[in-house]
Amino acid sequence: MFFKSIFSALIVFVATACIIMAPNRGSDDMYSGADLSSEKYAITFIETTAEEMIHKGEASIYLFASWCPYSLAQLRQLDKNGSREAVYVSSNYDCKSMDRLFRNNTDTIYILSNKHYGSDESKKIKQFASEILGEESDLTGVPQLFFKDNNKYIRAELKN
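Positions 10 to 169 (the working numbering) are the ones given, in order, by the sequence shown.
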């Protein structure tokens, strides 16, 4: 009985340590400014800001992250509905995954600039959304879909 409780405690400790300890990321991870001009990708990756996207005047902007299952599920839903006309803006620099995921769907993906927003992904998302909407946004998650209504962007409600 004593060994069983010690073994149980050890399992809980190891499992907790695995969850809490984040991996050390190298300089080439998905959060650093990767080589966006590389010819090894079928997709063109361009760093951007909300100001640049507003200036481009796109009808809709889809903010996503390649690591987010909800972002990918929402993209599949947009595919089913045949309404995949949005410009794609990624919150991270995982070009390898995005090239694999989007190769047949788009030729350009914009990436939120670390130079402008910093590397904290939650802060990048919040600041980008606030700038696009022209008002403070509390949302720090993805996916987010913005539509142009008259001369202003509004956030669309996404359903899973």
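Note that the Cβ used here is the ideal one computed from N, Cα and C, for glycine as well.
Remember, predicted model here, so these are calculated numbers, not experimental data.
In this structure, phenylalanine 73 lies near serine 100, with their beta-carbon atoms less than 9 Å apart.
For phenylalanine 156, DSSP records a beta bridge to Ser69, Ile163.
Under DSSP, threonine 117 shares a beta bridge with Thr53.
With a cutoff of 9 Å on beta-carbon distance, phenylalanine 156 and leucine 142 are scored as not near each other.
Straight across, the Cα-Cα distance linking serine 75 with lysine 161 is about 27 Å. Fully enclosed alpha helix (DSSP H) runs of no fewer than 4 residues occupy 123-126, 130-142 of the stretch 117-152, in order along the chain.
A check of alpha carbon separations from glycine 150 across Tyr71, Asp158, Asn113, Gln86 identifies Tyr71 as the nearest. Non-local C-beta neighbours of leucine 45 in its own chain, meaning closer than 6 Å and more than five positions away in sequence, comprise Phe54, ordered along the chain. Taking all protein chains in view, the Cβ of proline 152 is crowded by 16 or more other Cβ atoms within 10 Å, so the residue is classified as buried.
If you draw a 10 Å sphere on the C-beta of alanine 68, you find fewer than 16 other C-beta atoms in it, and that means exposed.
The beta carbon of alanine 165 lies closer than 6 Å to those of Leu154, Phe156 in the same chain, with the five residues before and after it left out. Assignment of serine 100 by DSSP, reduced to helix, strand and coil, places it in the coil class. A straight line joining the alpha-carbon of glutamate 61 with that of glycine 127 spans about 17 Å.
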